[in-house]
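K.L.:
In my numbering, the protein residues as written are 2 to 585.
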């Protein structure tokens, strides 16, 4: 059975473990051979040929830096790419298909961005060796497959690629000037007016890149990608920072790019959007930070259901020990539930923006989702409930103890995670620490965490506080599909077990659908005015929200997950006639 040994260098702390504990415990080292040695920077190095796979070093490493993996026999061939000795291994590649939008679905750190960079020509794969592979070597490696044709066309320059990276917040560091200047600079298609209209960018054309919001920056990045003359487009997480209305519009736009001469490949964590946007998907599985495997292509609906099941039938491989179950929460009547807090006639004015929230009540043991466009007052409303802002008029009727996780997370602190979480590690080990996978992060400084790691720590910190009402602003940001559903379950458990209530602002409709008992819907004009309506029960709230989006939703017959109906389809028309836009 093929075996790989991976050392995650950022987790390896040879001084803190007492001086290469792994090397001291290794049975092969004890015989006088050099199975585990170390680099010049003192980080551990493992010889895969000498390693017996005994499992001692990964179990005894106090920082979880070592993984020894016995791979399936199907992966006895060389990896497509390896990040140096004892680094991350990638197996297989998806192939863009002309006329189709191809999706890539998998956990964080499983290799999705690596795949896109290889296909986009930004990273040269090394086929597991020390040197970059040539186009001829790649064509030979994929001989007889569609990937062979792709790399041959890439070599012959018959394929021209345009790539939108994941980290759009890096754009202001690379370009100085306004939005119009950037789009004009990259425009090769003479479609600038059409693309600007499609992505609602007219109002920001004269704005400096450094001054636009995250959602605007994302749409500018998508526009810049499409304005380049290409026949293969790659979009790495195009829905990040976007509200649901923008996600639907961007999805339609990206889907419209695919034709007989053009292919699109998308990496996305919002399952509803991935389902809506793509024709086929590849599942990526393995162990985050260690190795990733790309599956054969699946029709999107079937592929997402396989991913949720965690079992790949064509490979006879279970890649997750449990299924991601989507059991919608049963409707619970408000009757008999005491009120926790309420508000009356709240108004607030911030610059040119005005917020209004008439009357609303939060009952105990209720999870309330908050939906609405960006810039319409959701965060302002939550900050008023949290006591961070004071309204101009109106009041919060009952003062309750509140714990608040803000939308933007502070990553500047050099403190380690354990010092932030304090006694929560012991107090909530089973309720928070284990399900949120916090333990491997406890000795890491906050300023060294990735966006997803920092998000999980922030959620853990918020839910570990003693409070009656928990307010979470965009907790799904930077998280993958599995982590989002785990967060939903954790939130539900906290509300149920502690008899408290939770309010969640988010743009992932499946995430909101999974955890919410009720909805508050924001209407208005972004950056000008917003009004909070509700709380409503789920069906009434979703009907109100989906009316503005002009879409209907049904439930998948196998997994019960929510899906967007194809516009104009029989089900879409039937649900609109019955005014049941949301199928509960």
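Glycine included, every Cβ here is placed at the ideal spot set by N, Cα and C.
1. Is residue 237 near residue 167, with beta carbons less than 7 Å apart?
2. Determine, using beta carbons only, whether residue 555 and residue 543 come nearer to each other than 7 Å.
3. Under a Cβ-count criterion, where at least 16 other Cβ atoms within 10 Å of its own Cβ denotes burial, should residue 351 be classed as buried or exposed?
4. Comparing alpha-carbon positions, which option in 427, 536, 448 lies nearest residue 414?
5. Pick helix, strand or coil for residue 215, following the three-state DSSP scheme.
6. For the beta strand (DSSP E) that contains residue 530, what are its first and last residues?
7. Does the beta-carbon distance from residue 228 to residue 185 come in below 7 Å?
8. With H, G and I counted as helix, E and B as strand and the rest as coil, what does DSSP make of residue 136?
9. Please report how far the alpha carbon of residue 459 lies from the alpha carbon of residue 417, in whole angstroms.
10. How long is the line joining the alpha carbons of residue 376 and residue 477, rounded to whole angstroms?
11. Do the region 422-431 and the region 77-88 touch if we need at least three Cβ pairs shorter than 8 Å?
12. Rounded to the nearest angstrom, what separates residue 316 and residue 454 at their Cα positions?
13. If distances are taken between C-alpha atoms only, which option among 441, 216, 68, 202 comes closest to residue 53?
14. Can you tell which of 557, 483, 51, 260 has its C-alpha closest to the C-alpha of residue 232?
15. Quick check on the burial criterion: 16 or more other C-beta atoms within 10 angstroms. Buried or exposed for residue 420?
16. Have a look at residue 492 and residue 134 and give me their C-alpha separation to the nearest angstrom.
17. Taking DSSP as the reference, what is the three-state secondary structure of residue 584?
18. Sort out for me which residues DSSP pairs residue 162 with in a bridge.
19. Find out if the Cβ-Cβ distance for the pair residue 535, residue 366 is shorter than 7 Å.
20. If we ignore side chains and look at the alpha-carbon of each, how far apart do residue 266 and residue 105 end up?
21. Report the residue from 37, 407, 256 whose alpha carbon sits nearest the alpha carbon of residue 99.
22. Helix, strand or coil: how does DSSP classify residue 238 here?
23. With a cut-off of 8 Å on the beta carbons, I'd call residue 289 and residue 108 a contact; round off their distance for me.
24. Going along the chain, which residues of its own chain have a beta-carbon closer than 6 Å to the beta-carbon of residue 385, five neighbours each way excluded?
25. Is residue 143 helix, strand or coil by DSSP?
26. Quick one: is residue 489 buried, meaning 16 or more other Cβ sit within 10 Å of its Cβ, or exposed?
27. By a C-beta neighbour count over all protein chains shown, 10 Å radius and 16 as the cutoff for buried, is residue 323 buried or exposed?
28. From residue 204 to residue 23, what distance separates their C-alpha atoms?
29. Rounding to the nearest angstrom, what Cα-Cα distance links residue 480 and residue 451 in this structure?
30. Throw me the rounded Cβ distance for the residue 525 and residue 370 pair, which I believe falls under 8 Å.
31. Do you know how far the Cα of residue 505 is from the Cα of residue 395?
32. Between the C-alpha atoms of residue 183 and residue 539, what's the straight-line distance to the nearest angstrom?
33. Are residue 510 and residue 347 closer than 7 Å when you measure CB to CB?
34. Short of 8 Å in beta carbon distance, which residues of its chain neighbour residue 61, apart from the five on each side in sequence? Order them along the chain.
35. With residue 409 as the anchor, note down where its alpha helix (DSSP H) starts and where it stops.
36. What do you get for residue 117, buried or exposed, if any count of 16 or more other CB atoms within 10 angstroms of its CB means buried?
P.N.:
So, from the listed chains and residues:
1. yes
2. Cβ distance not < 7 Å, so residue 555 and residue 543 don't count as in contact.
3. The residue is exposed, with fewer than 16 neighbouring Cβ atoms inside 10 Å.
4. 448
5. helix
6. 530-538
7. Contact: no.
8. helix
9. 13 Å
10. Residue 376 and residue 477 have their C-alpha atoms spaced approximately 18 Å apart.
11. no
12. 31 Å
13. 68
14. The alpha carbon of residue 232 has as its nearest neighbour, out of 557, 483, 51, 260, the alpha carbon of 260.
15. exposed
16. 47 Å
17. coil
18. 233
19. Between residue 535 and residue 366, the gap from beta carbon to beta carbon reaches 7 Å or more.
20. 8 Å
21. 256
22. coil
23. 5 Å
24. 392
25. coil
26. buried
27. By the neighbour-count rule (16 or more Cβ atoms within 10 Å), residue 323 is not buried but exposed.
28. 58 Å
29. Residue 480 and residue 451 have their C-alpha atoms roughly 10 Å apart.
30. Not a contact, Cβ separation roughly 18 Å.
31. 22 Å
32. 42 Å
33. no
34. Within the same chain, residue 61 has close Cβ partners 22, 23, 26.
35. Segment: none, residue 409 is in no alpha helix (DSSP H) and carries neither H nor E.
36. buried
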